[in-house]
Amino acid sequence: MSKSLRYKTILVLIVSLGALWFLLPTFRLIMMSEEERQAMAIERPEEYDKLESKAIKRGLDLSGGMHLVLEVDDSKLDEDERVDVVDRALEVIRNRVDQFGVTEPVIKREGSKRIIVQLPGLQDPARARRLIGQTAMLEWRLIRQRAVVVDIVKRLDVVLRDTPEDSLAEKQVIEGETSIGTDPVLDRSETEIAAAIQDQPDSFAQDSLLFPLPQSEILPEIPLQESDRDKPFSSYLMTFYKDWLVVHEKNVPRVRKLLALEEAQKAIPDDSDFLWLDEWADLPEGGRGKFLFLVARDEMVSGKNLQNATPASDPNSPNKLLIRFQFNRAGARELSRFTGKNINRFTAIVLDGKIKSYPIIRTKIPDGRGVIEGTFTDTEAKDLSVVLRAGALPADLIPREERTVGPSLGSDSIMMGLRAALLGLALVVLFMVFYYKISGLIASLALILNLLILFGLLAYLGAALTLPGIAGIILTIGMAIDANVLIFERIREELRKAKTIRSAIDAGYDKAFTTIVDANLTTLITAVVLWQFGTGPIKGFATTLSIGILGSMFSALIFSRLLFDLWTKNGKIKKLSI
Amino acid sequence: MQFFGETHINFVDFRNKAFILSLVLILAGLGSLAIKGGPDLSIDFEGGTLVQLRFDKPVPISTLRTIIEEAGYEKGDIQEFGDPKEFLITIEKISETEIAAEKLLEALVKTAPDAGWNLVSAKEMPPDFSRDFEGGNLVVVEAASLPPMDGLKEGVRENGVGFVEVTKESESRVAFSLPYLGIESKAAQELKEIVMAQFPDRKIEIRRTETVGPKIGEELKNRAWAAIIISMFGILVYISWRFEFKFAIGAILALAHDVIITLGIFSLLGKEISLVIIAALLTIVGYSLNDTIVVFDRIRENFSLRRRESYDRMINISINESLGRTIITSLTTLIVVVSLYFYGGEVIHDFAFALLVGVVVGTYSSIFVASPVLIEWQNRFTARSKTRS
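Those sequence lines, one after another, are chains A and B.
By numbering that gives the first Met the number 0, the letter at position 76 of the first sequence is numbered 75, and the numbering carries on one by one without gaps.
By numbering that gives the first Met the number 0, the letter at position 378 of the second sequence is numbered 377, and the numbering carries on one by one without gaps.
Encoded structure:
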């Protein structure tokens, strides 16, 4: 055996054994039955994970699952907050998804502001969207006392006096409620407000550390009156109840709108915000109302020091769920200071800008514990605990793209792709053997080596196999044979010129060489561009196509040449089977 | 076994007839594209929602269409997907904020022509999960005389803007929220419920949902164009370097020929151009180029071997010499593409169809377009500059 022949043999052996080695985990996984896989995943989880991570992965279109593209909305952030906002959002999403229990999720940044989330096997897109997209900003804030609120309400009446009707609609934020516009509204004179400013009897259990108010309370009856031009704001309010305002259901949208006006925002001091209770209260005169609180911005404990959050059943009403949370040391210290300073004051538990409950502080809370109330289903309570534990998102996330694939479609696609690939392969091999005889067999072996290299590299690179990727492989089966066809046609030509078998083979390979390189490199240009500019499915296709092109050059120029050389090396063959 | 020995077909003299054939195909395609105002783009580029449903027993598509139209998704498109048990439903394209506002206004005018509609504001809204709103556009409109709220939602839906939430703001103003996402699951769920009510004994499975927001669609469109232009440029540079500039021109013309004809056939058949079809088009570019380069290589080789032959004859000889390989490779590629077309499944069907067209057209163009262009170029430019010098 000549030296170059030996080197080539060694090279081909290394490449084929290498490809086989990388494919071994995939083979092992395929050979196992579903039960065996589950058994191994339970008994030897580490080994199983390792096996799975080394096997060829299936893309979402084959495994089923959800693909989500989110854009970080940094329009409301400061310059220095924007710098790492995407990274912070990524971290939070990663934490949440980890706790959600999805196997092999992909969470990565794309471009400057986008985040791609891929959750294989996930079947409830709405829940996942909520889990990933909810801001989950928890705050414990002091509720301002009635005297302060009265002052601001009066100020609002003054500044809003000249507000034209029409400017109201433009500042509107999206709401589910139907607004009524200029229907008869609730109104009270200032004396009535004053009359309402009288402490209500306190009916809370004294032994309770924290006792939130029941959602509905008996409220003093106040007659409905026509809208008062001099009281553009307070005429839409109903009454005070303790330290906060009550707004009739019909007027909630109007009050929201008024509060959103620029003039109103200027009149409200910087250290406070008007926030609504998330739930409705039944009014004694019928209908429903919403509580509107003035809460402090400067006196609060933020949820950034939250350590844990767990769902629990409400001790006061067993059918209801609440969420218990626990601050870490720093947070507990902060809470202890906050509660110690504000004994017998009302506070608000605020989640994403909405008040969940408004407990009164009876004593100092030293251990950093609290609860969030609300009407939660089991899943909601569980998911809310997860997002609270994982931390708040630094900005809103706007969904841009979403694709979900059911599990049955994925497995159908695999079956069909496999069928088409095997059929194509069989037909091509049959044709090659029929047309080129033994040489065709060599080309078929080269084709199989090419596929081996392709799958081996896919496993090595950790690239996921997608349906377009399978299409790329099938296309490779057809196109990769081209290099061999080029060579064989050349050899035939040389044989027609009555050259010897050896020199015909040499000339055939030499002359076809530049053609093969030129033809494949130009195709590779388009494949690489496709890879660079493509997203998701296209990338998978471009990956398999590129590897297929390189593999076909190797298998035709090195491997099939080697077989030809070995076949004809002792010169015994009189007629080349081609 | 051999299909082709030494052939002496006169391809070159046939080139004028071939040019006419190509021209007819190109014009038919371009004509169809012009009438339709461009290719039918899928939701990948236009934005929109797609839902794939599968029943356990066949359901007549006409019944399903009636159900869907009665439910108010008139803009929705429904087609059988593979077999009569499976259906693909595409629901309205989601638009950029300004376009959404325009479309909504149009639909409102159709719903209540005498109301005197006016746009007040339109903006993009981030999601608010406490209200089950998952991001989208908020459009506020006003009317001189506001029609009753009942039926307004259904009205605009019938006129092509589905999935809106309506809020009355004042005596003259109404706010519409047009969500981007989250609607596919709602749409799928809603459709499922409507259909289940009609066929209580059937099982329905939601096999796939896809929603693409308008921004992404626009970007994907730009990226697809960039991919096509950059790969064309790369090819131009590579061929100019390895061969000559006129070879690059011949190759690029052949590629444009193949892509335009494939696009034209898709337009004539009313098939949509999706991301995957763009991948198929670029593969056709790669394949056709492969074919063309093989012939060019032969021309280059013969150019140095047979200096005494005329340019026309030399090119004809080169085409004939590489004919065996051209046909065999086309055949093996067609074998796999056909098996992909028939057995690859419905999702990959259009992709395989594009390749089928592309392989045939690409093989044809490397023989009848790319190489003859060299002759035309030689006759027009190179010959003239020679006589000048």
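Every residue, glycine too, gets a C-beta built ideally from N, C-alpha and C.
Keep in mind the model is a prediction, meaning the values are calculated, not measured.
In summary, A/Trp275 is buried, with 16 or more beta-carbon neighbours lying within 10 Å of its beta-carbon over all protein chains present. At a cut-off of 8 Å between beta carbons, B/Lys84 makes no contact with chain A. B/Ile318 is bridged by DSSP to nothing; it lacks a bridge partner. Note: A/Ser545 is not bridge-paired with any residue in the DSSP secondary-structure output. Per DSSP, reduced to three states, the secondary structure at B/Asn301 is helical.
Ranked by Cα distance from B/Val275, the options B/Ala225, B/Leu333, B/Val346 and B/Ile314 are led by B/Val346.
Residue contact with chain A for B/Gly343: present (Cβ-Cβ distance below 8 Å to some residue of chain A). Counted as a single uninterrupted DSSP element, the stretch harbouring A/Asp297 is not any alpha helix (DSSP H) but the beta strand (DSSP E) occupying residues Arg287 to Ser301. For A/Glu42, there is no enclosing beta strand (DSSP E); the residue is part of the alpha helix (DSSP H) that begins and ends at Glu33 to Glu42. Restricting attention to alpha helix (DSSP H) runs no shorter than 4 residues, the stretch 301-347 of chain A encloses them at 328-340, ordered along the chain. Among the residues facing chain A, B/Lys102 is not included, as its CB has no counterpart in that chain under 8 Å away. Scanning the stretch 340-379 of chain B for uninterrupted alpha helix (DSSP H) segments of 4 residues or longer gives 348-364 and 370-376, listed from N- to C-terminal end.
If you ignore the 5 residues before and after B/Glu168, its C-beta comes within less than 8 Å of the C-beta of Val139 and Ala174, all in its own chain and listed in chain order.
Counted as a single uninterrupted DSSP element, the beta strand (DSSP E) harbouring B/Asn117 occupies residues Trp116 to Met124. Taking 8 Å as the cut-off between beta carbons, the residues of the stretch 395-412 of chain A near chain B are Asp395, Leu396, Ile397, Pro398, Arg399, Glu400, Glu401, Arg402, Thr403, Val404, Gly405, Ser407, Leu408, Asp411 and Ser412, in sequence order. Looking at B/Leu219, B/Leu339 and B/Asp76, the one whose alpha-carbon comes closest to that of A/Gly416 is B/Leu339.
The stretch 390-410 of chain A and the stretch 123-137 of chain A touch, with three or more beta-carbon pairs separated by less than 8 Å. Secondary structure note for B/Thr89: its beta strand (DSSP E) is the uninterrupted segment Asp82 to Ile90. Counting only runs of 4+ residues, the alpha helix (DSSP H) found wholly inside the stretch 364-394 of chain A occupies 377-389, in chain order. Per DSSP, the beta-bridge partners of A/Arg57 are A/Leu464. In the DSSP secondary-structure assignment, A/Tyr240 is bridged to A/Trp243. It is roughly 41 Å from the alpha-carbon of B/Leu118 to the alpha-carbon of B/Ile259. In this structure B/Leu281 does not touch B/Ile234 by the C-beta definition: roughly 11 Å separates them, more than the 8 Å allowed.
Here A/Pro310 is not near A/Ser356, since their CB atoms are 8 Å or more apart.
The criterion of a C-beta distance shorter than 8 Å is not satisfied by B/Thr89 and B/Thr210. For A/Asn94, the enclosing alpha helix (DSSP H) has its first and last residue at Val84 to Phe99. The beta-carbon of B/Tyr286 is placed less than 8 Å from the nearest beta-carbon of chain A.
With fewer than three CB-CB distances shorter than 8 Å, the stretch 492-503 of chain A does not count as touching the stretch 527-537 of chain A.
Taking the beta carbon of B/Thr332 as reference, the chain A residues within 7 Å of it are Gly477 and Met478, listed in sequence order. Proximity of B/Asp12 to chain A, defined by a Cβ-Cβ separation below 8 Å, is not satisfied. B/Val50 carries a strand assignment under DSSP once its states are collapsed to helix, strand and coil. DSSP places B/Ala142 inside the beta strand (DSSP E), whose first and last residues are Gly135 to Ala142. Annotated three-state conformation of B/His7 is coil, per DSSP. Taking 8 Å as the cut-off, the Cβ atoms of A/Lys112 and A/Glu80 do not count as close. Under the 8 Å criterion on CB atoms, A/Leu529 is classed as interfacial with respect to chain B.
In the structure shown, B/Ile272 falls within a strand segment according to DSSP collapsed to helix, strand and coil.
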